[in-house]
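Those sequence lines, one after another, are chains A and B.
Just so we're aligned, residue 154 is where the first sequence starts under this note's numbering, counting upward by one.
Just so we're aligned, residue 154 is where the second sequence starts under this note's numbering, counting upward by one.
Data first, discussion second: the structure below is written as structure tokens.
There are 2 protein chains.
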Amino acid sequence: MECLIREATSDDCEHLMSLIQEIAAFHHLLDDVTINSQVLKADGFGKDPFYKCIVAELPVENGRKQACPIGYALYFFGYSVNHGRMVYLENLYVVSECRGKGIGKQLLSKVAEIALAAGCVEMKFVTMEWNHPAKEFYNCLGAHDATESEQLHCMELGHATLQRLVQSRKEL
Amino acid sequence: MECLIREATSDDCEHLMSLIQEIAAFHHLLDDVTINSQVLKADGFGKDPFYKCIVAELPVENGRKQACPIGYALYFFGYSVNHGRMVYLENLYVVSECRGKGIGKQLLSKVAEIALAAGCVEMKFVTMEWNHPAKEFYNCLGAHDATESEQLHCMELGHATLQRLVQSRKEL
């Protein structure tokens with residue numbers, strides 16, 4: 154499917170937020186979303202942005218109102234002590250009615266292009282075991298599952314735990 | 154153990170690189186290290202750094218030569234579409250002869266402090282299933298294993314795969 158891929162702007166944040174809520178609902182994690190479109194705007198389009206984002210739009214036809222993004226890829230740059238510069242794909246999403254038309258692959262390919270241009274040597278991301286369509290999509294592209302091959306586990310320290318950790322050092 | 158924690162400088166890169174090789178050897182991944190100290194310096198201390206790093210040093214005693222870092226924490230900022238700003242801990246390491254003395258916890262606590270000050274709400278990282286001391290360390294601090302709880306898998310696209318992906322879009 155022909156689509157336009159462009160960098161997101163702060164004007165996209167309200168619509169992006171509705172897509173983020175859509176994907177959270179799909180992952181049964183709607184209650185887990187604690188940000189809103191204002192936060193998304195401040196964090197991505199301020200002085201020191203915490204993420205970058207590209208969006209996919211369908212071409213605008215005569216007489217139709219301006220297109221809303223039908224998908225996005227949100228990513229940031231990071232580092233691997235073994236390999237060097239890398240890109241972390243936080244989220245890739247295409248609305249259900251536009252799936253199976255190569256739009257996800259176009260978004261991913263654009264992130265790959267930006268990452269290679271920035272000197273990155275790999276892309277990292279996570280998938281959920283039960284999300285078979287996503288796994289199938291990434292497997293077809295040649296993705297490597299480091300949890301299966303090298304028993305890597307994704308770990309998290311939440312906000313309260315970080316605060317406790319800081320407090321315990323101050324009490325030393 | 155009393156130690157000084159400070160931001161790494163480009164002068165630390167040679168020593169940091171030797172510690173990175175030490176940890177890679179421990180993970181049976183020495184052949185996997187493709188960067189060197191020059192790359193580490195360029196990527197962390199240029200105009201748009203790809204990572205940040207703090208180091209732990211023992212206090213310098215009279216007559217002893219200047220201390221070399223005995224540990225480090227290498228991290229970068231990122232984003233969660235559900236929760237907002239986050240910090241990704243790429244690597245935490247303390248040399249074997251200084252372990253069990255709270256230095257790793259002091260490094261981690263300093264990263265937590267920096268991350269909270271930057272408005273981050275969580276820290277993410279990976280561990281290896283077989284690395285029981287690391288798992289024990291993080292579990293004691295209250296870390297959440299998202300691979301166990303939510304079946305999250307760590308995925309990777311390597312350099313050649315990224316290049317293929319870009320090429321396939323250009324051929325459309």
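Even glycine gets a Cβ: it sits at the ideal position worked out from N, Cα and C.
Since the model is a prediction, treat every value here as computed from it, not as a measurement.
TODO: Taking Leu-245/B as part of the alpha helix (DSSP H), name the residues at either end of that continuous run.
DONE: Premise fails: Leu-245/B lies in the beta strand (DSSP E), 237 to 247, not in any alpha helix (DSSP H).
- [ ] Hey, could you find the ends of the alpha helix (DSSP H) Ile-195/A is sitting in?
- [x] Reading the sequence as shown, one finds Ala at residue 195/A and not Ile. Residues 190 to 198.
Task: Endpoints, the beta strand (DSSP E) within which Ile-256/B is located - done: Counting along the chain, Ile-256/B falls outside any beta strand (DSSP E), though it belongs to the alpha helix (DSSP H) covering 256 to 270.
Open item on the list: Assuming Val-319/B is part of the alpha helix (DSSP H), what are its boundary residues?
Closed with: 312 to 323
Open item on the list: Please list, in chain order, the residues of the segment 264 to 277 of chain A that have any C-beta partner in chain B closer than 7 Å.
Closed with: Ala-265, Glu-266, Ala-268, Leu-269, Val-274, Glu-275, Met-276, Lys-277
Open item on the list: Is Gln-316/B close to chain D? Criterion is C-beta to C-beta, closer than 8 Å.
Closed with: The chain inventory of the structure shown lacks chain D, comprising the protein chains A and B.
Task: Proximity of Val-208/A and Gly-224/A at Cβ, strictly below 8 Å - done: yes
Open item on the list: On the criterion of 16 or more Cβ atoms from any shown chain inside 10 Å, does His-180/A qualify as buried, or is it exposed?
Closed with: exposed
TODO: Give the range of the alpha helix (DSSP H) segment to which Phe-203/B is assigned.
DONE: Counting along the chain, Phe-203/B falls outside any alpha helix (DSSP H), and DSSP gives it neither H nor E.
Task: Cβ shell of Val-248/A (< 8 Å), same chain only, five flanking positions each side left out - done: Leu-172, Glu-175, Ile-223, Gly-224
TODO: List the residues of chain B that Gly-231/A touches, going by C-beta distances under 8 Å, in chain order.
DONE: Phe-203, Tyr-204, Phe-229, Gly-231, Tyr-241, Glu-243
- [ ] Can you give me the Cβ contacts of Ser-190/A inside the same chain, cut-off strictly under 8 Å, excluding the 5 residues immediately before and after it?
- [x] Cys-166, Glu-167, Leu-169, Met-170
Task: Contacts of Arg-322/A in chain B (Cβ-Cβ under 8 Å) - done: Lys-258, Gln-259, Ser-262, Lys-263, Glu-266
Task: Partners in chain A for Val-319/B, counting only beta-carbon separations shorter than 9 Å - done: Ser-262, Lys-263, Ala-265, Glu-266, Leu-269
Open item on the list: Please list the terminal residues of the continuous alpha helix (DSSP H) segment that includes Ser-171/B.
Closed with: 166 to 179
Open item on the list: Strictly under 8 Å for the Cβ-Cβ distance: is Ile-223/B near chain A by that measure?
Closed with: no
Task: Neighbour-count burial assignment, Thr-162/B, 16 or more Cβ in a 10 Å radius - done: exposed
Task: In DSSP terms, what Gly-224/A is bridged to - done: Ala-209/A, Val-247/A
Task: Integer-rounded CB distance, given that Gly-231/B should sit under 8 Å from Glu-243/A - done: 7 Å
TODO: Work out the CA separation of Lys-263/A and Arg-159/A for me, nearest whole Å.
DONE: 9 Å
- [ ] Could you check the C-alpha separation between Lys-194/A and Ala-226/A for me, to the nearest Å?
- [x] 15 Å
Open item on the list: For Gly-338/B, would you say it is in contact with chain A, using Cβ-to-Cβ distances shorter than 8 Å as the test?
Closed with: Because chain B in this structure spans residues 154 to 325, residue 338/B falls outside the shown range and cannot be described.
- [ ] Give the residues from the segment 300 to 313 of chain A that approach chain B closer than 9 Å (Cβ to any Cβ), ordered along the chain.
- [x] Thr-300, Glu-301, Glu-303, Gln-304, Leu-305, His-306, Cys-307, Met-308, Glu-309, Leu-310, Gly-311, His-312, Ala-313
- [ ] Assign Cys-293/B to one of three DSSP states: helix, strand, or coil.
- [x] helix
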